[in-house]
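>
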Amino acid sequence: MTQLTQPRISPRPTEDWDAEVDNALSVLATHGAGGQAAPQLTPDTRPKSNILGIYAWHPELMRGWMPYSNHLRNSSLGDRIREITIIRTTWLGYGEYEWAQHVRMSRAAGCLTDDEIAALAEGPDAALWSEDDSVLVRAIDEMCRDKNVSDETWRALEERFNRQQLIDLLFTVGTYDFHCMVFRTMGLELEAGMEGFPDSHSPELGK
1 MTQLTQPRIS PRPTEDWDAE VDNALSVLAT HGAGGQAAPQ LTPDTRPKSN
51 ILGIYAWHPE LMRGWMPYSN HLRNSSLGDR IREITIIRTT WLGYGEYEWA
101 QHVRMSRAAG CLTDDEIAAL AEGPDAALWS EDDSVLVRAI DEMCRDKNVS
151 DETWRALEER FNRQQLIDLL FTVGTYDFHC MVFRTMGLEL EAGMEGFPDS
201 HSPELGK
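First residue of the sequence shown? That's 1 in our numbering, and the numbers climb one at a time after it.
1) Is G53 closer than 8 Å to C180 when the C-beta atoms are compared?
2) With the cut-off set at 8 Å, would you say V103 and I84 are in Cβ contact?
3) Taking DSSP as the reference, what is the three-state secondary structure of V27?
4) Go ahead and pull the three-state DSSP assignment for Y216.
5) So what's S75 in DSSP terms, helix, strand or just coil?
6) With C-beta atoms as the reference, is L61 less than 8 Å away from F171?
7) Given 8 Å as the limit, is there contact between the stretch 150-165 and the stretch 106-118, that is, 3 or more CB pairs closer than that?
8) Less than 8 Å separating the beta-carbons of R138 and P124?
9) Which same chain residues, not among the five before or five after Y55, have their C-beta less than 6 Å away from its C-beta?
10) Might you give, ordered along the chain, the residues of its own chain that have their beta carbon closer than 6 Å to the beta carbon of P11, omitting 5 neighbours on each side?
11) Would P59 and E15 qualify as a contact pair, given that the criterion is a beta-carbon distance under 8 Å?
12) From which residue to which residue does the alpha helix (DSSP H) around F161 run?
13) Using three-state DSSP, classify G34 as helix, strand or coil.
14) Write down the C-beta distance between E187 and P7 rounded to the nearest angstrom, noting that I regard them as a contact closer than 8 Å.
15) Could you give the DSSP three-state label for L170: helix, strand or coil?
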C-alpha cells in the first residue's frame, strides 16, 4: 500500500482565495446557520483548515458539496452515533486527517469518552460496548470491508434505527470511506497540534 512522503496536492493558501471561494464558503456558512443569510467573508473571517484549503482549489465543487456535508453533520443520527460512525470508518480506511478532526470534535462536544474512542480502534467486540453499540460498529466494519452488510446485521440495524436513520448511516459510512481514499491519495496533512494515528496503526503494518 502506497505511503506518501509529501503531499500531492497542498491546500490553497488562504491569501490566494478569491471571491469565488468566498461565495462557496458562504454556502457552507448559510446552510450551517439553518438557512440564515451568512455574513460577508473577509480574509480575516474565512474559516481556515487544510481540508477547506483543498476545496478552495475547486470552488464549484465546494459550492455543491458543502450543503451535503452540512446535512451529514446535522443528520437524524445525532452526535454520538454520527461520531462513532465517522471515527470507526476513518480508522479502518486510514483516513488520518478526518479521524483526528473527529476525535478532537467528539472530545470537545463531550459525545464520546476517551475509553469509547479507544474502543473504536478495537472494533465491535470491545468490552465496553452495549449491544446496540456493538451492532452499529459491526455494521460499519462490514460496510467498509464488504461494501455491504449481512442479512443478520441488517435485521439488527432495522430493530434500532428508522428508515431515515438507516439511510443517513449508509451515506455517512460511504462518504467517509470515500474521503479516506480521496484525501489519502492527495496526501492531506494534519494541521499543527492535531493528534494523529498511533505509530502502530499504519497501512504498512496491516493494522
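The C-beta atom is built at its ideal place from N, Cα and C for all residues, glycine as well.
Judging by the given coordinates:
1) Reading the sequence shown from its first residue, position 180 is the one you call residue 180. Reading the sequence shown from its first residue, position 53 is the one you call residue 53. Taking 8 Å as the Cβ cut-off, C180 and G53 do not qualify as a contacting pair.
2) For the purposes of this step, residue 103 is taken as residue 103 along the sequence shown, with counting starting at 1. For the purposes of this step, residue 84 is taken as residue 84 along the sequence shown, with counting starting at 1. Result no, Cβ atoms of V103 and I84 do not sit closer than 8 Å.
3) Locating residue 27 in the sequence shown gives position 27, where the first residue counts as 1. The answer is helix: DSSP assigns V27 an H, G or I state.
4) As displayed, the chain neither begins before 1 nor continues past 207, which places residue 216 out of reach and without an answer.
5) Along the sequence shown, read from residue 1 onward, the residue named residue 75 stands at position 75. Note: S75 maps to coil in three-state DSSP.
6) Walking along the sequence shown from the start, residue 61 turns up at place 61. Walking along the sequence shown from the start, residue 171 turns up at place 171. No, the Cβ-Cβ distance between L61 and F171 is not below 8 Å.
7) Output reads no: the stretch 106-118 does not touch the stretch 150-165.
8) Locating residue 138 in the sequence shown gives position 138, counting from the first residue. Locating residue 124 in the sequence shown gives position 124, counting from the first residue. In contact: R138 and P124 (Cβ atoms closer than 8 Å).
9) Within the sequence shown, residue 55 is the residue found at index 55, counting from 1. Closer than 6 Å at Cβ, skipping near neighbours: M62.
10) For this step, residue 11 is matched to residue 11 along the sequence shown. The answer, listed in chain order, is N50, G53, I54.
11) As a working mapping, residue 59 is identified with position 59 in the sequence shown. As a working mapping, residue 15 is identified with position 15 in the sequence shown. Cβ atoms of P59 and E15: not closer than 8 Å.
12) Stepping through the sequence shown from its first residue, residue 161 is reached at position 161. Where F161 is concerned, there is no enclosing alpha helix (DSSP H), given that its DSSP letter is neither H nor E.
13) Here residue 34 is taken as the residue at index 34 of the sequence shown, counted from 1. A caution first: G34 carries a pLDDT of 44, below 50, which makes its placement in the model unreliable, though a value can still be read off. Here G34 sits in coil by DSSP.
14) Position 187 of the sequence shown holds residue 187. Position 7 of the sequence shown holds residue 7. Note on residue identity: the sequence assigns Gly, not Glu, to residue 187. Going by Cβ atoms, the distance from G187 to P7 rounds to 4 Å, so yes, they are a contact pair.
15) Position 170 of the sequence shown, counting from 1, holds the residue named residue 170. Here L170 sits in helix by DSSP.
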